[in-house]
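Q:
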Amino acid sequence: MDQLCKYVSIRQPESNRALGLETESEYRQRWISIRVIYFTAFVVYIAFCCVATSLWPYLNTVRLDPDAPKQFLFYLFAIPSLMQLVLSPLFGYWTNRASSIRLPMMLVIVFLIVGQVLYAVIEEIPNNRKYALLASRALVGASTVACTLYRAYISAATTVAERTKTTSYMALAQTLGLVGGSAVQPTFAGIGEEGFQVLGFRVNMYTSVGWFCAALGVINLVLMLPWFFRDHNIAVKEAMSGNAGLADGKRAWQTMELRYLPIGLMLVAFALLMFAYAALQT
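Start counting the sequence shown at 3; every next residue gets the next number (the numbering used here).
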């Protein structure tokens, strides 16, 4: 219970105060922003995974395309990864040039919201519904660029002592999103395929998932506003404090030696992990 109270209260520990890198108010605001990032990781993963189990039955319903070939399911699973592959370097370049990740992050959250709303209203589209479903998956895939952005933010917004713990919490948020995403579709299955009408839109066991994820996206978008989320680059301050006489953050980073071999091994391991996950998913 003490640990839970400590986590909720966000009090600056003495070890952090002794570093002299930030005030207690700045510490509190920094950790509020980090927790917004945790929520973002949860939302992105739950939105990405929640429709995985229902894509094929939804595609084969009478309202979409009962004659759709199984090869089309390959496109539905491949397009999100392709969008992430193409857009991640572009958003990474943009974020490196920008002074804040807020605008790039809000844009990818908008992608998520639009993609989920499109998924929810596909039955209202008169023609080519399966291609609308493909476009929805593409937009949701574009929103997974947030993974690149929030990992970079965590690296910049934490000290060396905090980074491992913070990264593990972020991984926990992602895992909860994966688990929660798998449970979302069964939760709404009781509505049935026919469902009911709300303001002219059909809400059934499939479309309700889209509306649910879109609502989470809207909450996430609100949390990215300046009242809740602010950029904090304490890693630069820490690097500068460790290099006496350096007043420029960029020069402080340049003095740090990168170990390319372990970095390369971690990238290869992560790529193999994602390959195995995608192969089993399809």
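Note that CB positions come from ideal geometry on N, CA and C, so glycine has one too.
(1) Evaluate Ala122 with the Cβ neighbour count: other Cβ atoms within 10 Å of its Cβ, from every protein chain shown; 16 or more gives buried, anything less gives exposed.
(2) Who are the Cβ neighbours of Ile156 in its own chain at under 8 Å, not counting the five residues just before and after it?
(3) Is it the case that the Cβ atoms of Ala49 and Lys132 are separated by a distance below 7 Å?
(4) Mind the definition here: the stretch 180-190 touches the stretch 87-106 only if three or more C-beta pairs lie below 8 Å; say whether that holds.
(5) Rounded to whole angstroms, what is the Cα-Cα separation between Glu196 and Ala163?
(6) Using only alpha-carbon positions, find the residue among Val45, Glu259 and Met207 that is nearest to Thr177.
(7) Quickly, what does DSSP pair Phe306 with across the bridge? List them, please.
(8) Would you kindly check if the distance between the Cβ of Met226 and the Cβ of Ala144 is under 7 Å?
(9) From the DSSP output, in three-state form, read off Glu16 for me.
(10) So, under 8 Å CB-CB, Arg232 and Gln14 are touching, yes? Tell me the CB distance rounded to an integer number of Å.
(11) Between the stretch 199-207 and the stretch 107-119, do at least 3 Cβ pairs fall closer than 8 Å?
(12) Mark Thr42 as exposed unless 16 or more other C-beta atoms lie within 10 angstroms of its C-beta, in which case mark it buried.
(13) Does Gly22 come out as helix, strand or coil in the three-state DSSP assignment?
(14) Thinking C-beta only, is Ile111 closer than 7 Å to Leu223?
(15) Applying the 10 Å Cβ sphere with the 16-neighbour rule, what's the burial state of Trp33?
(16) Can you give the beta carbon distance from Trp58 to Leu75, rounded, assuming they're within the 8 Å contact cut?
(17) Give me the Cα-Cα distance between Ile124 and Ala137, rounded to the nearest whole angstrom.
(18) So, is Leu267 buried or exposed, given that buried needs 16 or more other C-beta atoms within 10 angstroms?
(19) Quick check on Val200: buried or exposed, where buried means 16 or more other Cβ atoms within 10 Å of its Cβ?
(20) For Leu78 versus Arg139, is the C-beta spacing smaller than 7 Å?
(21) Ends of the alpha helix (DSSP H) at Val119?
(22) Less than 7 Å between the C-beta atoms of Cys51 and Gly183, yes or no?
A: So, to answer that:
(1) buried
(2) Ile36, Ile39, Arg165, Thr168, Thr169 and Met172
(3) no
(4) no
(5) 53 Å
(6) Val45
(7) The displayed coordinates of the chain run from 3 to 284. Any statement about residue 306 would go beyond what the structure contains.
(8) no
(9) helix
(10) Not a contact, Cβ separation roughly 16 Å.
(11) no
(12) buried
(13) coil
(14) yes
(15) buried
(16) 6 Å
(17) 10 Å
(18) exposed
(19) exposed
(20) yes
(21) Arg104 to Ala122
(22) yes
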